[in-house]
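I have placed the structure first, in the form of structure tokens, so that the comments after it can refer back to it.
Protein chains: 2
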Amino acid sequence: MIDEKKPRRRPRSDGQRNREHLLGVAKTAFTAGELDIPLDEIARRAGVGIGTLYRHFPNRDALIEAVYRAELDRLADAAPALAAQYPPVEALRAWMLLFVDYIAAKHVIAPALNGLVEGTSALYAQSGMILQNAIDRLVESAVASGDFKAEIEPLDLLRALAGVSNFSAGPGWETSAKRLVDILIAGSRV
Amino acid sequence: MIDEKKPRRRPRSDGQRNREHLLGVAKTAFTAGELDIPLDEIARRAGVGIGTLYRHFPNRDALIEAVYRAELDRLADAAPALAAQYPPVEALRAWMLLFVDYIAAKHVIAPALNGLVEGTSALYAQSGMILQNAIDRLVESAVASGDFKAEIEPLDLLRALAGVSNFSAGPGWETSAKRLVDILIAGSRV
DNA sequence: AGTATATACGGAGCAATGCTCCGTTTAACA
DNA sequence: TGTTAAACGGAGCATTGCTCCGTATATACT
Chain H
-11 MIDEKKPRRR PRSDGQRNRE HLLGVAKTAF TAGELDIPLD EIARRAGVGI
39 GTLYRHFPNR DALIEAVYRA ELDRLADAAP ALAAQYPPVE ALRAWMLLFV
89 DYIAAKHVIA PALNGLVEGT SALYAQSGMI LQNAIDRLVE SAVASGDFKA
139 EIEPLDLLRA LAGVSNFSAG PGWETSAKRL VDILIAGSRV
Chain L
-11 MIDEKKPRRR PRSDGQRNRE HLLGVAKTAF TAGELDIPLD EIARRAGVGI
39 GTLYRHFPNR DALIEAVYRA ELDRLADAAP ALAAQYPPVE ALRAWMLLFV
89 DYIAAKHVIA PALNGLVEGT SALYAQSGMI LQNAIDRLVE SAVASGDFKA
139 EIEPLDLLRA LAGVSNFSAG PGWETSAKRL VDILIAGSRV
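Just so you know, the protein sequences line up as chains H and L, in that order. Going by my numbering, the letters in the first sequence line up with residues -11 to 178, in that order. Going by my numbering, the letters in the second sequence line up with residues -11 to 178, in that order.
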């Protein structure tokens, strides 16, 4: 009843193009710190009408989500490789440091995490799942290998890390974040 | 030149009253989760004009700051008593748990921390200082007593804690936060 | 008490922004 | 080349933040 598959027409090429443009402009703006740039402005820079923007992304959150989704995916995808290459705890450590680097390099992700934090939008929840899944497996291995306490909750670590990432404090920021990674790991050991 | 002390008139009583009303209404609304309630609405509920609200609090941030300031102060003030009563590490642990409880009980503070996180407003910075000062001393003692590593940066712990507090996840939230406290402490030990 | 004046009040109204609606245009398919 | 689903675009409405300024009143002084 629900699965009526209609013979859809191939998506229009101009639609795709505009979507790309919008994402590109938005990403540039967001990473440049223009976090609350008006959506009209994004549409203008992308050379499309405001209506077009809203058809592709029903609200601001959806746009942000779309912009950072690729980044989050890449971050999550890096986990298996690290897990294969290093012993469990080192893999986790490497991944957490990667997490920090990501935010340090471009100021990407942080806003998405902030939104994720709010918990308002179902979209963010999905992004959160991607990351949670990645860290879940890493922690799982560390527990299985006997290095970590069994009661360690992976999400706790992710939350803490997200918290630190949010602070856009001065130059010491990055080292501070890396210090926290070590504290968290030391605290998780058996 | 700058310190011209003018013989100010005593503040008007109706002004004080209205200020109190506004704070009361705002606090009720905020803790009830109506985080982005329109300022007009707050003014209406408090039975004052919108102009009055803006005279007392020049913008939304200032209002939030004012609402949570007292709470943050109380939290910070609790630190010395704990330090006097318990050994250093236990005092720190107790304070961190208190921090969690505060947020668990009423959903106060979290928004303020979020703002603090943004670093946009000088006001929030001041609030942040209050908390930082409190935790600084607690950690200092723990380091001095030889329980904590010397390189522990108090702000790191505060950041992590703030990060966790932000997530308003399901019922497991509080226990999750408390778990993290223990991880952080374990990871900070020598 | 009466008066002067700093202080506070209140809300109309402007500007910015999010989002919708719908007539027009165009790419896909036959 | 004609038909049509899909996409476009921007006028315009609703909401919200904030300002401005004429009005009201508590305080201080005589």
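Don't be surprised by glycine CBs; every beta carbon is placed ideally from N, CA and C.
By the C-beta criterion, the region 126 to 135 of chain H is judged not to be in contact with the region 45 to 55 of chain H, since fewer than 3 inter-stretch pairs fall below 8 Å. Residues of chain L with a Cβ closer than 7 Å to the Cβ of alanine 148 of chain H are, in chain order, Ala148, Gly151, Val152 and Leu168.
Taking a cut-off of 8 Å for Cβ pairs, the region 57 to 66 of chain H and the region 27 to 39 of chain H do not touch, as fewer than three such pairs fall below it. Taking a beta-carbon distance threshold of 8 Å, glutamate 141 of chain H counts as an interface residue toward chain L. Glutamate 139 of chain L and arginine 147 of chain L have their C-alpha atoms roughly 16 Å apart. In the DSSP assignment, arginine 177 of chain H forms a beta bridge with H:Phe136. Comparing alpha carbon positions, the residue from H:Asp49, H:Glu162, H:Leu11 and H:Val13 closest to leucine 86 of chain H is H:Glu162.
Shown here for valine 77 of chain L: same chain residues with a beta carbon closer than 8 Å to its own, the five before and five after excluded, namely Ala130, Ser133, Asp135, Phe136, Ile173 and Arg177 in chain order. With contacts defined by Cβ atoms closer than 8 Å, arginine 125 of chain L and alanine 71 of chain L form a contacting pair. Taking the CA atoms as reference points, threonine 40 of chain H sits about 40 Å from alanine 165 of chain H. Looking at H:Arg(-2), H:Ile91 and H:Phe45, the one whose alpha-carbon comes closest to that of alanine 20 of chain H is H:Ile91. For leucine 168 of chain L, same chain residues with a beta-carbon under 6 Å away, outside a window of 5 residues either side, are Val152 in chain order. Neighbours of aspartate 144 of chain H across chain L, judged by C-beta separation under 9 Å: Val152, Ser164, Ala165, Arg167, Leu168 and Ile171. For asparagine 6 of chain L, the three-state secondary structure derived from DSSP is helix. For the C-beta of glycine 175 of chain H, the chain L residues within less than 8 Å are, from N- to C-terminus, Asp170, Ile171, Leu172, Ile173, Ala174, Gly175 and Ser176. Bounds of any alpha helix (DSSP H) do not take in alanine 20 of chain H, whose DSSP letter is neither H nor E. The distance from the Cβ of aspartate 89 of chain L to that of isoleucine 171 of chain H is about 22 Å, inconsistent with a contact at the 8 Å cut-off. Buried is the label assigned to proline 142 of chain L, since at least 16 other Cβ atoms lie within 10 Å of its Cβ. Here glutamate 128 of chain H carries a helix assignment [DSSP, helix/strand/coil]. Scanning the region 40 to 94 of chain H for uninterrupted alpha helix (DSSP H) segments of 4 residues or longer gives 48 to 73 and 76 to 93, listed from N- to C-terminal end. For arginine 33 of chain H, the enclosing alpha helix (DSSP H) begins and ends at 27 to 34. For arginine 0 of chain H, the number of other beta carbons within 10 angstroms of its own is below 16, and it is reported as exposed. Distance check between leucine 119 of chain L and each of L:Ala58, L:Lys15 and L:Val13 places L:Ala58 closest, using alpha-carbon atoms only. When the beta-carbon positions are compared, leucine 27 of chain H and arginine 48 of chain H come within less than 8 Å of each other. Taking C-beta separations shorter than 8 Å and ignoring five residues to either side along the sequence, the partners of glycine 37 of chain H in its chain run Ala31, following chain order. In this structure, the alpha-carbon of arginine 7 of chain L lies about 7 Å from that of histidine 44 of chain L.
Assignment of proline 142 of chain L by DSSP, reduced to helix, strand and coil, places it in the helix class. Between the alpha carbons of lysine 15 of chain H and arginine -2 of chain H lies a gap of roughly 27 Å. Per DSSP, reduced to three states, the secondary structure at glycine 116 of chain L is helical.
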